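These protein sequences, in sequence, are chains A and B. Using full-length UniProt numbering, read the first sequence as starting at 1 and increasing by one per residue. Using full-length UniProt numbering, read the second sequence as starting at 1 and increasing by one per residue. Note that the Cβ used here is the ideal one computed from N, Cα and C, for glycine as well. Just so it is clear, the structure is predicted and the values come from calculations on it, not from any experiment.
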Amino acid sequence: MVKGYTQDHIYKHPWERVTSASWRKFADPENKRTLSHILEVDTLNRRLDPDSGRLYTTRALTIHAPGPWFIRKIIGQDICHCVESTVVDAQSKSMQLTTRNVSLQKFIEVEEKIRYDPHPDNPTGWTICRQETSIRIKPLSALASMAEKVEQRCAERFMQNSAKGREVMERICSVGAQR
Amino acid sequence: MGLGKRDKKSSSTATSPCAHLRAAYHNCFNRWYSEKFVKGQWDKEECISEWQKYRACLSEHLDDKHLSRFLEAEGPVGYVFQEDSGNPVENTAK
C-alpha cells in the first residue's frame with residue numbers, strides 16, 4: 001500500500017533566486033519558527049563537477065515527527081533521520097532533490113522528490129516546482145494493520161509541512177527581490 | 001529494535017557542537033551559490049577551508065546519530081540508503 005501525491009507550485013521569481021532560497025529554507029533564523037519540525041540540517045558531502053557545472057550535495061535532516069501515543073508506543077521515538085540528495089545543474093538550470101528516511105525503515109518508507117525548473121511560459125522570470133511524495137507503511141511492520149490510516153495522516157502532515165516550506169521560500173524570494 | 005533508544009529532542013538544540021562551523025560553511029556556500037555558481041562561475045569550488053573545518057567536526061561528533069556512515073558516501077548522487085543492520089526488513093530499494 002502506497003500513498004502518493006504530487007504538488008505543483010509556481011514561484012514568480014527567477015530560477016536562480018528560488019534555488020538559492022531552497023538552500024536557505026531550513027537555516028534562516030526567522031523561518032525556523034515556521035519550520036520548527038526541522039531540528040537539524042547538516043551537510044554530509046558535496047562535490048562540484050567543474051566541467052559540467054553540476055553540484056552534488058548530500059545532507060542529513062533530523063525531523064521531529066510526533067504521532068499519537070499509540071504510534072509512539074510502537075515506534076518508540078519522535079525523531080526521524082532523513083537523507084537529502086541534491087543535484088543542481090547550473091548549465092541547464094535544473095535542481096532536483098530527493099529525500100528519504102534512513103531511520104524508522106522497519107515501519108515506513110517515505111520518499112519526496114522536488115524539482116525546480118524555469119517555467120516554460122516565462123523561463124527568465126518564473127520557476128516551476130514539482131513535488132512528488134510517496135509514503136509506504138512496511139507490510140510486515142507492527143503498523144501494517146493501520147497502514148492506510150497512518151499513511152493518510154502522514155500525507156496530511158507532509159502536505160502541511162510542504163505548504164509551510166513554500167511560505168518560507170516565498171518570503172526568502174521576496175526579500176531577495178528587493179535587493 | 002531499529003535504532004533503539006534515540007536522541008531525545010533535547011540533543012538537537014542550538015548547542016550542537018558543530019553549529020558555529022556549520023553556520024560559517026553554510027553562509028559561505030549560500031553566498032558562493034547565489035553570486036557565482038548560478039551566474040555561470042561553476043568552474044571553481046570555494047569555501048574549502050570552511051568545509052574542511054566543519055566536516056572534521058562532524059566526523060568527530062556524529063557517531064551518536066548513526067549518520068557517520070554517510071560521511072563516507074561518495075558516488076554520483078550520494079544516494080546512500082542503508083537498512084538498519086540486523087533487522088529482517090524487506091528490501092525495497094529502488
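Can you name the residues of chain A whose CB is closer than 9 Å to the CB of residue i?
i: B:K53; result: Result: empty, since nearest Cβ-Cβ is about 13 Å, beyond 9 Å.
i: B:H20; result: Neighbours of B:H20 on chain A: none; closest Cβ ~13 Å, over 9 Å.
i: B:S49; result: Per Cβ cutoff of 9 Å: no residues; B:S49 is ~14 Å from chain A at best.
Taking residue i as part of the beta strand (DSSP E), name the residues at either end of that continuous run.
i: A:W126; result: 122-137
i: A:M146; result: That residue, A:M146, is in no beta strand (DSSP E); it is neither H nor E in DSSP.
i: A:A27; result: No beta strand (DSSP E) holds A:A27; DSSP gives it neither H nor E.
i: A:R47; result: 38-49
i: A:R59; result: 54-64
Report buried or exposed for residue i, applying the criterion of at least 16 other Cβ atoms within 10 angstroms of its Cβ.
i: A:I108; result: buried
i: B:T92; result: With a pLDDT of 42 at B:T92, under the threshold of 50, the modelled position of this residue cannot be trusted; read the value that follows with caution. The residue in question, B:T92, is exposed, as its Cβ has fewer than 16 Cβ neighbours within 10 Å.
i: A:D8; result: exposed
i: A:P66; result: exposed
i: A:S36; result: exposed
i: A:N31; result: buried
i: A:N122; result: exposed
i: A:Y116; result: buried
i: A:V102; result: buried
i: A:D42; result: buried
i: A:L140; result: exposed
Hey, could you find the ends of the alpha helix (DSSP H) residue i is sitting in?
i: B:K53; result: 48-61
i: B:E35; result: 19-35
i: A:R179; result: It is not in any alpha helix (DSSP H) - A:R179 carries neither H nor E in the DSSP assignment.
i: A:R33; result: Per DSSP, A:R33 belongs to no alpha helix (DSSP H) and is neither H nor E.
i: B:K44; result: Neither: B:K44 is in no alpha helix (DSSP H) and is coded neither H nor E.
i: A:K73; result: 69-75
Which partner residues does residue i have in the DSSP bridge list?
i: A:E109; result: A:R136
i: A:G4; result: A:S134
i: A:S92; result: Paired residues: none, contrary to the question.
i: A:C82; result: A:L61, A:N101
i: A:R115; result: A:Q96, A:R130
i: A:H9; result: A:C129
i: A:V87; result: A:Y56, A:Q96
Please list the partners that residue i has in chain A, where partner means a Cβ-to-Cβ separation under 7 Å.
i: B:L58; result: D42
Find the residues of chain B that neighbour residue i, judging by a C-beta separation of less than 7 Å, and give them in chain order.
i: A:S134; result: The contacting residues do not exist; A:S134 stays about 10 Å from chain B at best.
i: A:T124; result: Under the 7 Å cutoff, chain B gives no residues; its nearest Cβ is about 13 Å from A:T124.
i: A:R24; result: N30
i: A:A27; result: H26
Give the interface partners of residue i over in chain B, defined as CB-CB distance under 9 Å, in chain order.
i: A:T99; result: Here the premise fails: no neighbours, minimum Cβ distance about 11 Å.
i: A:L55; result: Y33, F37, W42
i: A:E156; result: Correct list: empty, because the minimum Cβ distance to chain B is about 22 Å.
i: A:T19; result: Y33, S34, V38
i: A:L30; result: This sequence places Glu at residue 30 of chain A; Leu is not what is there. Within 9 Å Cβ-Cβ: nothing; A:E30 doesn't reach chain B, min ~14 Å.
Taking residue i as the query, report the chain B residues whose CB atoms sit under 8 Å from its CB, ordered along the chain.
i: A:P50; result: W42, D43, K44, E45
i: A:V90; result: Checking the sequence, you will find Ala at residue 90 of chain A rather than Val. Here the neighbours are F37, V38, G40, W42.
i: A:E16; result: S34, V38, K39
Check whether the stretch 37-53 of chain B touches the stretch 41-53 of chain A, counting contact only when three or more Cβ pairs, one atom from each stretch, lie closer than 8 Å. yes
Count the C-beta pairs between the stretch 9-26 of chain A and the stretch 85-97 of chain A that are closer than 8 Å, then say yes if the count reaches three, no if not. yes
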